[in-house]
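First up is the structure itself, then whatever we jot down about it.
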Ligand SMILES: [Zn+2]
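Have a look at this one:
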């Protein structure tokens, strides 16, 4: 009897052990785990694992959302417990996670491949799928990812080899969310705007100074996001995720820079993200976007674990709070589509106040600074074995850098096809006019344009004074009217208001309007300039004042005569005039 009991116990132990081994099936180890947490898989191996997950589980669908310029498919995993793999069918809280926008920072790829495996194969955290649909892009910048090697991230502690920061066209995708130059970004925007995910996570590894935190993060709570969503993020999301991270041994801090680069004691700064960055883009569309930055000096295993935890705890919150979040997003969308948005000055960007700060505790490390005998510059020596908590000022108050009252609609001339195409990528509603129209619009005349000398993402940025004007203009058939009564209104304004650093004008898409294309011969202009001076006393005064203000410029015959040409009836009336029109009252326009 006793023996039988022992046999039974042994049998039970055997069954449990076998099922445990099955649950932790080594065949399901990821490439990263098999490498002893030191290596990250290439594109082919990543795709293979995604495909395996989909073959294994009916709740996983493997697909792609486009093709890269070098011909690679852009991989996408969709996890939904009811097999609802299209935006129309999904009714849950949609979470989009992305890794490899900077392929040198592959932490998110290795963390989320394990996490999805743990959910769908090992049946851990199974309840998460009750309320969430997960979309996962393991590698966004696939071409950059395959520029693989050990020397791609000089400041970073592993993995052994990794991809390269930019695309094959040398574009940084995390500057491209609004202007959408990269073919990869254009298809990403299509995916995003079809699914309209309720929460977005973008995984990175940082650069910068040494400190204790493995994970810092950025989420828009500094004025760039709808008010109610900001409160939800500050009052519900952040405290909850921070608490769980502390409990798991990964205290976090918002992503900051230091007032003086590398010098923690100089104080901390954090700013509202512009739309060109992933979290800033999402905020403009009323979706929380979480930027995870693992700390590059921590070893790869620690970073991947921190990233895994941050994403898991975010999923936990979304699983409980998803309905509340969806409701807040709906309200924010409705607010943006209503006339309410147009009643207040709209911020076109933000800058960090240099005077307002709060004191915070920051888990840094001791460091000293010596003067380099090689360069004469400061040489920072950090001592991670000597952690220290600093009490520091955090400059986190963000002030609008420029504002404008928004119109009821914009109109873009048919001939600016590139601009119309880029805006279409964002899923924005627009209506072509069937016949040419001649209407009164508000727009801007630019003065003193200045271009950046060095290219920035292949563009030369333009800063110019924008003088508001009202004028009548003719728009050809096919010109498009973009009404502002749509949820993307804030994004539209950022793209089309020239004083915004997200605008197409700032990024140089309208550079041709600043060029003079007709010129007067000097012998034609000499008599005409005299005639103009004799006939117009105001012009004569203006001329004298201009000469006094800028004597060097007026030493050149050509400059003087062109000054008169620009004030004659022969001048180009479209030069320096913004082609996009603001329509104050859309009801007056028939289209
Ligand atoms: Zn990055």
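Residue numbers (my numbering): 7 to 597.
Backbone N, C-alpha and C define an ideal beta-carbon position, used for all residues, glycine too.
- Relative to ligand 1, residue 161 has its C-beta separated by 7 angstroms or more from all heavy atoms.
- For the pair residue 343 and residue 569, the Cα-to-Cα distance works out to about 45 angstroms.
- Of the candidates 522, 184, 41 and 171, 522 places its Cα closest to the Cα of residue 576.
- Per DSSP, residue 559 lies in no alpha helix (DSSP H) and is assigned neither H nor E.
- The region 244-256 makes no contact with the region 280-293; the number of CB pairs closer than 8 angstroms stays below 3.
- Distance from residue 519 to residue 585 at the Cβ level is roughly 7 angstroms; contact confirmed, criterion being Cβ atoms closer than 8 angstroms.
- In this structure, residue 119 lies away from residue 125, with their beta-carbon atoms at least 8 angstroms apart.
- For residue 215, no alpha helix (DSSP H) run applies, since DSSP gives it neither H nor E.
- Residue pairing by DSSP puts residue 83 in a beta bridge opposite 68 and 142.
- Listed by position along the chain, the residues with Cβ atoms less than 6 angstroms from a non-hydrogen atom of ligand 1 are 108, 111 and 210.
- The criterion of a C-beta distance shorter than 8 angstroms is satisfied by residue 419 and residue 482.
- For residue 320, the enclosing alpha helix (DSSP H) begins and ends at 306-343.
- CA-to-CA, the gap between residue 232 and residue 374 works out to about 42 angstroms.
- Rounded to whole angstroms, residue 545 and residue 574 show a C-alpha spacing of 11 angstroms.
- Residue 197 sits away from residue 91, with the two beta carbons spaced by 8 angstroms or more.
- Within the model, the alpha-carbon separation for residue 142 versus residue 85 is close to 8 angstroms.
- Residue 514 counts as buried, since at least 16 other C-beta atoms from the protein chains shown sit within 10 angstroms of its C-beta.
- Within the region 89-158, the beta strand (DSSP E) runs of at least 3 residues that lie entirely inside it are, in chain order, 99-104 and 138-143.
- Assigned with DSSP and collapsed to three states, residue 37 falls in helix.
- Distance from the CA atom of residue 204 to the CA atom of residue 238, rounded to whole angstroms, is 13 angstroms.
- In this structure, 313 is the residue among 174, 566, 592 and 313 with its C-alpha nearest to the C-alpha of residue 221.
- Around the beta carbon of residue 458, fewer than 16 other beta carbons lie within 10 angstroms, which makes this residue exposed.
- Boundaries cannot be given for residue 578, as no beta strand (DSSP E) includes it and DSSP labels it neither H nor E.
- If one requires a minimum length of 3 residues, the beta strand (DSSP E) runs lying completely within the region 395-430 are 404-410 and 415-418, in chain order.
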